[in-house]
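Student: First the structure, which I've put down as structure tokens, then a few questions once you've had a look.
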Amino acid sequence: MLGKQSFFSNWKVQVLAGITTSLAVIPDSLAFSFMAGVHPNVGFYTSIIILLVITVLGARGGMISASAGSMAVLMTTLVAGHGLQYLFAATILTGLLQLAMGLLRVGRWMNFVSRAVVTGFINALAIFIFMAQLQNFRGQPWGAFAMAGVTLVIVFLFPRLNKTIPSPLFAVVVMSVAAWAFHIPLQRVSDVAQLSSALPGFGLPQVPLTWETFRVILPYALSLAIVGTTETLLTQDFLDKLTSEKTDKNKEIRGQGIANAASGFFGGMAGCALVAESVLNVKLGGKGRLSMLTAGLFLLSLVLVFGSVLNYIPMSVLAGVMIMICVQIFDWGSLKNIRRIPKSETTIMLTTMVAALLTHDLAIGVFAGVLLNLVLFVVQMSRIHVTSERTGTTLTYAVTGHLFFGSSPMLREKIELPSDETAVTIDLSRASVWDHYAERDIESLLDDFRLQKKSVRLIRKESGAIS
């Protein structure tokens, strides 16, 4: 538990950051609800419940978790084929699976996801968010483009005048008032979806408690648990590097699991950490849990108390804020310094980006990046070096590198049988032998020397010299 001093430290900045971030959650919650095929209230309830629960149970302060597009995509066929109640049941099961993953400490596997994969993931996400905002301008008058443009100008220039008030919050308020005062015909939140002010109630999903139901929801729950955990850990890792902190990944997974289970019981869908909103929150100074709690409570108050105000916000203004987030989270250095970055890292980053963009699935992008990273690692590991030196009547082959099933067959190519009566020494003191296949290849090479009546001697760092 965080102490009072830590929780309320820099509280004004945290509160303003939380309020601003909650405004950024609005367009995402709407879009992801439509993507999943559910009423927007479901997306809002999801974001509110997960934010409130993860504030208490999560490990990473300042990280915003809510309904997510990468997970909404996976729900579409379930909702279309079986209905909303099955989605609630799958959401609860997703949370339980994530809780089990946290207890089994799967967070350690995040160490195998390279920085290049994380960069590709972040860049692909920024492009996804940007493309999603373009939908808000389809069929809209020129005023929508002007409102978004002015919003961006305010967001980027206002901090030069005042750094106390978050510029995105100031931009949303000013532009919403301007749209109302000048009667600018724009698409507003209420035009996309009319939000209800009713609180969600606690209850079990209305599905048969049978093995058939379990068989239906299990594949979806597994997919949601894996994708949600992956995106959460990638976001957490990114924020840890951004703030030079180290937080408990397994605790975060457990917290996300409990939050998703609670979401299912209260009529919500599964969610996870959001990179864009999390980065916005942290850069505005919301590095603690108070900003997360503020975001959840402010979003709740918008739905319950200020629903009419929320409904009046122009979608183009919210789109402008989201475009600003895209610009901020995209790693421009990965492109600007592309000649100075090792080619292997650039290839992995671009592979992650392209795979995600082509499949419209961030999880596939991450999988492709990790797979390529693994292949390149194996190729690098399989490189062995052999040098030879003759001392009198003894020819010594010194082997450097890692010997395993992928590299040990190269020993025959690099070590030749001498034609004279020379004795042979194979020095493996600077080599590592990893598996049974390498042991077998080494023994086979020694047998070849013995068949040629050569005196052969093997030196290994584990046990010294063996004749």
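Residue numbers for the sequence shown follow my numbering, beginning at 8 and rising by one. Cβ atoms here follow ideal geometry from the backbone N, Cα and C, with glycine treated the same way. As the structure is a computational prediction, the values presented were derived from the model and not from experiment.
Along the chain, where does the beta strand (DSSP E) that runs through Arg167 open and close?
Tutor: Here Arg167 belongs to no beta strand (DSSP E), and DSSP marks it neither H nor E.
Student: Tell me whether His392 sits in a helix, a strand or coil according to DSSP, three-state version.
Tutor: The answer is strand: DSSP assigns His392 an E or B state.
Student: Name the DSSP beta bridge partners of Ala24, please?
Tutor: In DSSP, Ala24 forms no bridge with anything.
Student: Ala365: buried (16+ other C-beta within 10 angstroms of its C-beta) or exposed?
Tutor: It is Leu, not Ala, that sits at residue 365 in the sequence shown. That one is exposed.
Student: Report the three-state DSSP secondary structure of Pro425 (helix, strand or coil).
Tutor: Reduced to three states, the DSSP call for Pro425 is coil.
Student: Would Ala87 be called buried (16 or more neighbouring beta carbons within 10 Å of its own) or exposed?
Tutor: Exposed is the call here.
Student: In three-state DSSP terms, what is Val120?
Tutor: Val120 falls in the coil class under three-state DSSP.
Student: By the 10 Å Cβ neighbour count, where 16 or more other Cβ atoms means buried, how is Pro349 classified, buried or exposed?
Tutor: Exposed: under 16 other Cβ atoms inside 10 Å.
Student: Can you tell me the Cα-Cα spacing of Gly303 and Leu193, whole angstroms?
Tutor: Using only the alpha carbons, I get a separation of about 27 angstroms.
Student: By a C-beta neighbour count over all protein chains shown, 10 Å radius and 16 as the cutoff for buried, is Pro215 buried or exposed?
Tutor: By the 10 Å Cβ count, Pro215 comes out exposed.
Student: Could you tell me the distance, in whole angstroms, from the CA atom of Phe15 to the CA atom of Ser270?
Tutor: Rounded to the nearest angstrom, the two C-alpha atoms are 27 angstroms apart.
Student: So what does DSSP say about Ile332, is it helix, strand or coil?
Tutor: Here Ile332 sits in helix by DSSP.
Student: Give the list of continuous alpha helix (DSSP H) stretches no shorter than 4 residues that lie fully inside the stretch 274-358.
Tutor: You should have 282-290, 296-311, 314-319, 322-336 and 340-343.
Student: Determine, using beta-carbon pairs with one atom in the stretch 228-246 and one in the stretch 32-49, whether at least three such pairs fall under 8 angstroms.
Tutor: The stretch 228-246 vs the stretch 32-49: no contact.
Student: With a Cβ-Cβ cutoff of 7 angstroms, do Val32 and Ser54 count as a contact?
Tutor: For Val32 and Ser54, yes; Cβs fall inside 7 angstroms.
Student: Quick check: the Cα distance between Lys460 and Ser389, rounded to an integer number of angstroms?
Tutor: Using only the alpha carbons, I get a separation of about 30 angstroms.
Student: Work out the CA separation of Val310 and Ile265 for me, nearest whole Å.
Tutor: Straight-line Cα distance between these residues: approximately 23 angstroms.
Student: Here's a check: name, in chain order, each residue in its chain whose Cβ is nearer than 6 angstroms to the Cβ of Arg467, leaving out the five neighbours to either side.
Tutor: These residues qualify, in order along the chain: Leu435.
Student: Where does Ile56 fall in DSSP's three states?
Tutor: Of the three classes helix, strand and coil, the one that applies to Ile56 here is helix, per DSSP.
Student: Which residues mark the beginning and the end of the beta strand (DSSP E) in which Thr432 is found?
Tutor: Per DSSP, Thr432 belongs to the beta strand (DSSP E) from Ala430 to Val440.
Student: Tell me which residues share the same chain as Leu401 and place their Cβ nearer than 8 angstroms to its Cβ, disregarding the 5 neighbours each side in the sequence.
Tutor: Looking at the sequence provided, one finds Thr at residue 401 rather than Leu. If we look at Thr401 and ignore the five residues flanking it on each side, its Cβ neighbours are Thr429, Ala430, Val431 and Thr432.
Student: Going by alpha carbons, who is nearest to Asn288 out of Thr28, Val361 and Lys19?
Tutor: Asn288 has its Cα closest to that of Thr28, out of Thr28, Val361 and Lys19.
Student: Using 8 angstroms as the threshold, is the stretch 250-265 in touch with the stretch 123-139, meaning 3 or more CB pairs across them?
Tutor: With a cut-off of 8 angstroms, the stretch 123-139 and the stretch 250-265 do not count as touching, because too few Cβ pairs lie within range.
Student: Please go through the stretch 64-134 and give each complete beta strand (DSSP E) segment of 3 or more residues, from N-terminal end onward.
Tutor: Listed in chain order, the complete beta strand (DSSP E) runs (minimum 3 residues) inside the stretch 64-134 are 72-74.
Student: Measuring alpha carbon to alpha carbon, tell me which residue in Gly372, Val223 and Cys279 is nearest Ile61.
Tutor: The shortest C-alpha separation from Ile61 is found at Cys279.
Student: CA-CA distance, Gly50 and Leu307?
Tutor: The alpha-carbon atoms of Gly50 and Leu307 are separated by roughly 12 angstroms.
Student: In this structure, how does DSSP classify Arg457 when only helix, strand and coil are distinguished?
Tutor: The answer is helix: DSSP assigns Arg457 an H, G or I state.
Student: With a 10 Å radius around its C-beta and 16 neighbouring C-beta atoms as the bar for buried, classify Gly156 as buried or exposed.
Tutor: Gly156 should be labelled exposed.
Student: Relative to the C-alpha of Asp455, which candidate in Thr358, Trp441 and Arg419 has its C-alpha closest?
Tutor: Out of Thr358, Trp441 and Arg419, Arg419 has the C-alpha closest to the C-alpha of Asp455.
Student: Buried or exposed: Pro226, going by 16 or more other Cβ atoms within 10 Å of its Cβ?
Tutor: Counting Cβ neighbours within 10 Å, Pro226 comes out exposed, since fewer than 16 surround it.
Student: Comparing alpha-carbon positions, which option in Thr83, Asp442 and Val382 lies nearest Pro411?
Tutor: Reading off the sequence, residue 411 comes out as Phe, not Pro. The candidate whose alpha carbon is nearest that of Phe411 is Asp442.
Student: For the stretch 160-177 against the stretch 383-399, are there 3 or more C-beta pairs whose distance is under 8 angstroms?
Tutor: No, they do not touch.
Student: Here's the rule I'm using: 16 or more other beta-carbon atoms within 10 Å means buried, otherwise exposed. How should Thr171 be labelled?
Tutor: Exposed is the call here.
Student: Go through its chain and collect everything with a Cβ distance to Leu452's Cβ below 7 angstroms, but skip five positions before and after it.
Tutor: Closer than 7 angstroms at Cβ, skipping near neighbours: Leu418, Arg419 and Ile422.
Student: In or out: Leu357 buried (at least 16 other Cβ within 10 Å) or exposed?
Tutor: Classification of Leu357: buried, given that the 10 Å Cβ count is 16 or more.
Student: Check Ile191 in the structure and name its three-state DSSP category.
Tutor: Ile191: coil per DSSP, three-state reduction.
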